[in-house]
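First the structure, in the form of structure tokens, and then the observations on it.
In mature numbering (1 follows the signal peptide of the UniProt record, and there is no 0), the protein residues as written are -20 to -1, 1 to 1136.
Take a look at the structure:
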């Protein structure tokens, strides 16, 4: 069983590639036509077969036998050389094929054989036989040594022995376990709860990388008294790589105290087990499960389903795929221990339960360990490494093709964040992806590999990207050895075996790097990554350019070249000689011009030019010769025009933008044969499409891999606008029905084609839709029935006056649908943005033919933005049950009521002069309100917002007071009432000239503002405000600008400010002359004082004994404060001694104190 699980040796995948190439009809044909010695290929194949028979055993023995390790490394070098040679032959064949294809059509070349036969014997042909003989000699020498080393055919480990791991048991010392209580309780809850799937048996899986503590957690759960009480039977079985149904069934029977049964008949064993489990609730723990075959698991399951409902299986595994095969009702991913938990674990082992504080030498020990951590000891040699055995085991069980892919990941420095797509493209460039028998695209094969490594916990998800744990990178580094090398911390000589090299440029001087490694043979490199965001100056840029100029000719076997973020500005013409190059990344560089020779990179698959917009303007004219190009990404890089004749790039899968030109070779028809295009595509310059049939020939309707499509017109002269032409062009560009995101910009048709909004035949899977600057459109498409639409944006539809029923309902000519039978409109929409609609007057939110409000519309809408729609007057959707954010701005005539939205948390209103908010529904969880430029607003009832935490009221010319419904209706006889805002923490009021006071007199009663949690108060340009709020005990920040009736000659009044105040900002007071020392005396927490535009203010009136509060640590002086600046000059100012104790003093942005 072990042999079935071990995926195969690292080199197996290498050799398989070599076997495939040796069997290639093109290579055999090449040798025959060129009269080369084809028997050499056969000898090479036979030698590789003899070596392939023992490499499984070699991989296992190399861990403990250094001689085998040296043999394996030498074999890798020889296989690399053979691969390079075969790749060169295939490249030569491809070049001749391309030259034949591009040859003048009048000179017909019937086939490749004729082309090769007619070509003169070149230097490459003369060298090829001798190079094969050298490689063959090296391999034969290694083949002879395999017997001396005792390598066995088809061996697994030493003589095919089983895994030597010690089986786990159910026993655990729980006193030495820490940090797993939350995990334990989560598992306990799953085990002790009733089955949620209605079956008698449920499976719970603990999934994590090796060494994380899966078994320990299972042991803790197994020995918990609650488990013992809950289950009639419990059994612990260590599985490992022996997922043998017969043996596992026997072990379970033994746990049930069934007499030993020697039968090997699975039927007899399972009938016996079924008999014992009937009417019993059991827990079966399967520790360390590896087998991913569903049929094996289902056979084991057959007798288990006869237990009492509530029976459970708890499995520990490193593979998410195992958990899926076992149909787990829950997969519990085991988290890493936190910092405090890690320290607790360390203390338990280091101090054996004693107090760590009793040892006076701990500080010295800590410093010594920090020195060790920063030392070079961690750049270990593979033979001396001590990788956790559990991690090595995870690698051991990888299939051979995944071993190669994983070991390549050692190229990444620790802490690197990488994307799935980019890593797959690296693998593809290095030839690590095996061709699929199901004719899958290579990218799809790479996705399968990547998902498999994620499922086995080698990669960890981080937002939309991935990372590798430091221990996993150590594992990959130990496996790749000197073949992958990183220059990160110190300048070192590059090992001669290195094939994949990563250099950080932000640490090193590039010339020093080159000089320090001049002995290295760069011709062997397959990967060269020169990356970083270092300092830029003319000297370093010149050195970087020289480095690339001198180095490029020597990289003749390079597959991957990444200069991401490099400071280089030039590429050498010799880059065209790197004919084996598959991946080229010049993103975020300052390279100003690409050499024409780049078009000779016939094997190039991926070309990245992202964010080079400030430097790169045009591409070489012969880009169409890159016939193997699959991914061409120049996002955020300005390219004057798309290269001509792109139709020849039949393998192209990624094309950021296609700019339609006016000349032949740049027309939209070039896209017609590129049916492999996928991802995101922008087609710009559509005003240059003269004949709409060109759009049909672009064949977008058949491009099933495109997920995002942007269609864009661009006209400088309105006289060139033709709405009928645009309608015909857009009609011809109907995309495939799998499209997920569509954007249409600068379209001048009066209506959209029927396919825009067709939820049945055209856009059934659309998720995001944008219509922008379509200024002549008179109506919107029927988008309401698009079933998966989540984001909708409509901008600049200047001619549109009404959004009516056609927006919500779609009717086909062959099926007239009534509103009653169609699903609720916009049933999946989450974000709706309608902006810059100059003529839009009415949003019809009522069912057609009556006054019934469209209550069921937009059931999932979370964010609604309406902006710059100056003529919109009325009707917002009456009810939006899921709305969380509402933003309305620039709608000067809007008088509509706000929708009922019980889940809204943020409200923004700006420049909506007619909105008075008189009839406002309650918003029970609304936390933030910002109102700006709403001149009809006279008051705001705070009772409507019980959870309000932030409130901004700006530029509301008629706003007078804050109030609450309870205050207005109060009939209490007490003289003072309070209107409370219990959650308010920040309040800003500015440019509201009628706002006079926080206290109000209503119906003969005096009402007092009460904000117990208010921390920050900002008051700006309130000419008539007479006083500050009194009941704000927790205020810590107060900013008062241009409030002349509060701040007079001396500020503040005694007792005016709360004692907890930490920040005070005063600005725009020409009359204030000084601060009130007695009032400041009780502000014992004041640390920050800012004074701005107070021309007559100074500290002159303060005596030497008084001064400013000792707690003050920051003094900020800015604007027009001439007297203050003069008297506070450092050392020489009359008031300097009164402020010298303040740590940080800043005058007009310049700090005049020295930081301690």
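Beta carbons: idealized from backbone N, C-alpha and C, even for Gly. Nothing here was measured: the structure is a model prediction, and the numbers come from that model.
- Here residue 542 is buried: its Cβ has 16 or more other Cβ atoms, across all protein chains shown, within 10 Å.
- Residue burial is scored here from C-beta neighbours: residue 992 has fewer than 16 other C-beta atoms within 10 angstroms and is therefore classed as exposed.
- Under the three-pair Cβ rule at 8 Å, the stretch 1055 to 1070 counts as touching the stretch 1015 to 1032.
- The C-alpha of residue 784 lies about 32 Å from the C-alpha of residue 676.
- Per the Cβ contact rule, the stretch 281 to 290 is in contact with the stretch 256 to 268 (3 or more Cβ pairs under 8 Å).
- The beta carbons of residue 929 and residue 907 sit closer together than 8 Å.
- Within the stretch 387 to 452, the runs of beta strand (DSSP E) that reach at least 3 residues and sit entirely inside it are, in chain order, 440 to 442 and 445 to 447.
- Around the beta-carbon of residue 525, 16 or more other beta-carbon atoms lie within 10 Å, marking it buried.
- Bounds of the alpha helix (DSSP H) holding residue 163 are 161 to 172.
- With at least 16 other beta carbons inside 10 angstroms of its own, residue 742 counts as buried.
- Here the stretch 628 to 641 lies against the stretch 655 to 669, with 3 or more beta-carbon pairs under 8 Å apart.
- Inside the stretch 650 to 715, DSSP marks whole beta strand (DSSP E) runs of 3 or more residues at positions 659 to 664 and 686 to 692, from first to last along the chain.
- Residue 1087 and residue 1042 have their C-alpha atoms some 17 Å from each other.
- Judged by DSSP in its simplified three-state form, residue 48 adopts helix.
- With fewer than 16 other Cβ atoms inside 10 Å of its own Cβ, residue 1028 counts as exposed.
- Taking the CA atoms as reference points, residue 761 sits about 24 Å from residue 874.
- In the DSSP secondary-structure assignment, residue 302 is not bridged to any residue.
- In the three-state DSSP reduction, residue 183 falls in the strand class (E or B).
- Within a 10 Å sphere around the beta-carbon of residue 582 sit 16 or more other beta-carbons, which makes this residue buried.
- The residues 1079, 1107 and 1108, in chain order, have a CB closer than 6 Å to that of residue 1115 in the same chain once the five nearest residues on each side in sequence are set aside.
- Annotated three-state conformation of residue 1125 is strand, per DSSP.
- Between the alpha carbons of residue 118 and residue 110 lies a distance of about 13 Å.
- In the displayed model, residue 252 falls within a helix according to three-state DSSP.
- If you look at residue 529, you'll find it in the alpha helix (DSSP H) that goes 518 to 531.
- The three-state reading of DSSP puts residue 108 in helix, counting H, G and I together.
- Ranked by how close their Cα comes to the Cα of residue 549, the residues 59, 572 and 535 have 572 in first place.
- The alpha-carbon of residue 673 is positioned some 30 Å away from that of residue 421.
- In the three-state scheme derived from DSSP, where H, G and I count as helix and E and B as strand, residue 128 is classed as helix.
- Here residue 163 is buried, its C-beta having at least 16 other C-beta atoms within 10 Å.
- Around the beta carbon of residue 104, fewer than 16 other beta carbons sit within 10 angstroms, so the residue counts as exposed.
- If you draw a straight line from the Cα of residue 187 to the Cα of residue 565, it is about 36 Å long.
- About 19 Å separates the beta carbons of residue -3 and residue 133, which is beyond the 8 Å limit, so they are not a contact pair.
- Per DSSP, residue 277 has no beta-bridge partner at all.
- For residue 302, same chain residues with a beta-carbon under 6 Å away, outside a window of 5 residues either side, are 269 and 272 in chain order.
- The C-alpha of residue 591 is placed about 23 Å away from the C-alpha of residue 646.
- Just measuring C-alpha positions, the residue of 53, -7, 45 and 327 sitting nearest residue 28 is -7.
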